[in-house]
Amino acid sequence: SQTIHQWPATLVQPVGSPLSLECTVEGTSNPNLYWYRQAAGRGLQLLFYSVGIGQISSEVPQNLSASRPQDRQFILSSKKLLLSDSGFYLCAWSAGGTETQYFGPGTRLLVL
Amino acid sequence: QKEVEQDPGPLSVPEGAIVSLNCTYSNSAFQYFMWYRQYSRKGPELLMYTYSSGNKEDGRFTAQVDKSSKYISLFIRDSQPSDSATYLCVPGGGFKTIFGAGTRLFVKA
Numbered sequence: 027s028q029t030i031h032q033w034p035a036t037l038v039q040p041v042g043s044p045l046s047l048e049c050t051v052e053g054t055s056n057p058n059l060y061w062y063r064q065a066a067g068r069g070l071q072l073l074f075y076s077v078g079i080g081q082i083s084s085e086v087p088q089n090l091s092a093s094r095p096q097d098r099q100f101i102l103s104s105k106k107l108l109l110s111d112s113g114f115y116l117c118a119w120s121a122g123g124t125e126t127q128y129f130g131p132g133t134r135l136l137v138l
Numbered sequence: 018q019k020e021v022e023q024d025p026g027p028l029s030v031p032e033g034a035i036v037s038l039n040c041t042y043s044n045s046a047f048q049y050f051m052w053y054r055q056y057s058r059k060g061p062e063l064l065m066y067t068y069s070s071g072n073k074e075d076g077r078f079t080a081q082v083d084k085s086s087k088y089i090s091l092f093i094r095d096s097q098p099s100d101s102a103t104y105l106c107v108p109g110g111g112f113k114t115i116f117g118a119g120t121r122l123f124v125k126a
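Dropping the structure here:
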């Protein structure tokens with residue numbers, strides 16, 4: 027069966043510090059991968075998606091970037107965090123050609 | 018106009034009640050419809066998936082889609098305290114999947 031991991035679960039970072047969140051998927055090959063942000067009481071905002079290694083599409087211009095160095099690894103990064111980057115970050119995967127997305131446990135980021 | 022709209026709630030019901038959660042969408046290109054359940058501080062999990070107008074039943078849950086009016090519903094029978102969560106309406110199609118902001122549901126024991 028497929029599983030998706032995210033770490034860390036919780037992160038508190040000062041403004042201006044760098045960020046690296048990691049997501050890995052097990053039990054499937056060549057998944058589509060997604061990064062979302064969920065602000066308190068708000069819907070999911072799609073940040074990035076990837077259909078293959080090195081292929082990243084950005085949905086919203088922002089302070090963040092994403093990379094996919096391996097087939098089942100997706101990384102969300104920032105060089106300098108802003109207060110507005112605080113939120114709940116979710117990684118998800120889907121099988122190519124299908125619509126259903128499966129989510130990881132999420133990372134709660136607080137920028138102070 | 019938002020592509021998908023849900024009443025944010027919270028909706029509070031007693032245990033055993035029938036719950037109706039509703040959603041409207043604006044894009045007629047949407048062809049599939051999903052409901053996700055999200056417990057507090059957890060990632061969303063798929064609850065129901067349907068590809069057509071009509072009803073789909075899975076245990077205590079029934080998803081209803083009316084494409085002509087762009088209206089989606091989720092019914093929960095015999096609601097339980099464990100059903101307390103946020104329910105996200107998720108229509109999609111044309112290489113696009115939109116997650117609604119969700120309706121918070123509380124089921125009181």
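Chains as they are written, first to last, in the working numbering: chain A, 27 to 138; chain B, 18 to 126.
Even for Gly, the Cβ is constructed at its ideal location relative to N, Cα and C.
Being a predicted model, the structure only gives us computed values, none of them experimental.
Span of the beta strand (DSSP E) around residue i
i	result
Ala-80/B	78-83
Gly-60/B	Careful: Gly-60/B lies outside any beta strand (DSSP E) and carries neither H nor E.
Val-38/A	36-39
Ser-27/A	Here Ser-27/A belongs to no beta strand (DSSP E), and DSSP marks it neither H nor E.
Gly-71/B	71-75
Lys-125/B	120-125
Phe-92/B	88-93
Distance between beta carbons of residue j and residue i, contact taken as under 8 Å
i	j	result
Arg-121/B	Pro-27/B	4 Å
Asn-56/A	Gly-123/A	Wrong, their Cβ atoms sit about 11 Å apart, outside the cutoff.
Gly-60/B	Gly-69/A	Actually they are not in contact, since the Cβ atoms of Gly-60/B and Gly-69/A sit about 14 Å apart, beyond 8 Å.
Thr-54/A	Gln-28/A	5 Å
Glu-32/B	Ala-102/B	Glu-32/B to Ala-102/B, Cβ: 15 Å. No contact.
Pro-108/B	Tyr-66/B	About 11 Å separates the two Cβ atoms, so there is no contact after all.
Leu-64/B	Phe-78/B	6 Å
Ile-79/A	Gln-96/A	7 Å
Cβ pair residue i, residue j closer than 8 Å
i	j	result
Asn-132/A	Ala-118/A	One point to set straight first is that residue 132/A is Gly, not Asn, in the sequence displayed. No, the pair does not count as a contact, with Cβ atoms beyond the cut-off.
Ala-92/A	Trp-61/A	yes
Leu-59/A	Phe-114/A	no
Tyr-68/B	Tyr-88/B	no
Leu-73/A	Ser-112/A	no
Contacts of residue i in chain A (Cβ-Cβ under 8 Å)
i	result
Met-51/B	Glu-125, Thr-126
Gly-109/B	Glu-125
Amino acids of chain A, ordered along the chain, whose beta-carbon sits closer than 9 Å to that of residue i
i	result
Glu-62/B	Tyr-128, Phe-129
Lys-84/B	Neighbours of Lys-84/B on chain A: none; closest Cβ ~16 Å, over 9 Å.
Environment of residue i [buried if 16+ CB atoms lie within 10 Å]
i	result
Gln-55/B	buried
Arg-98/A	buried
Trp-52/B	buried
Gln-23/B	buried
Gln-127/A	buried
Proximal residues of chain B, C-beta to C-beta of residue i below 8 Å
i	result
Gly-67/A	Pro-25, Ala-118
Leu-70/A	Pro-61, Leu-105, Phe-116
Gly-132/A	Arg-58, Lys-59, Gly-60
Leu-116/A	Gly-60, Pro-61
Amino acids of chain B, ordered along the chain, whose beta-carbon sits closer than 7 Å to that of residue i
i	result
Gly-78/A	The premise fails here: Gly-78/A is roughly 15 Å from chain B at the closest Cβ pair, so nothing lies under 7 Å.
Leu-37/A	Under the 7 Å cutoff, chain B gives no residues; its nearest Cβ is about 14 Å from Leu-37/A.
Per-residue contacts from residue i into chain A (C-beta, under 7 Å)
i	result
Tyr-66/B	Thr-126
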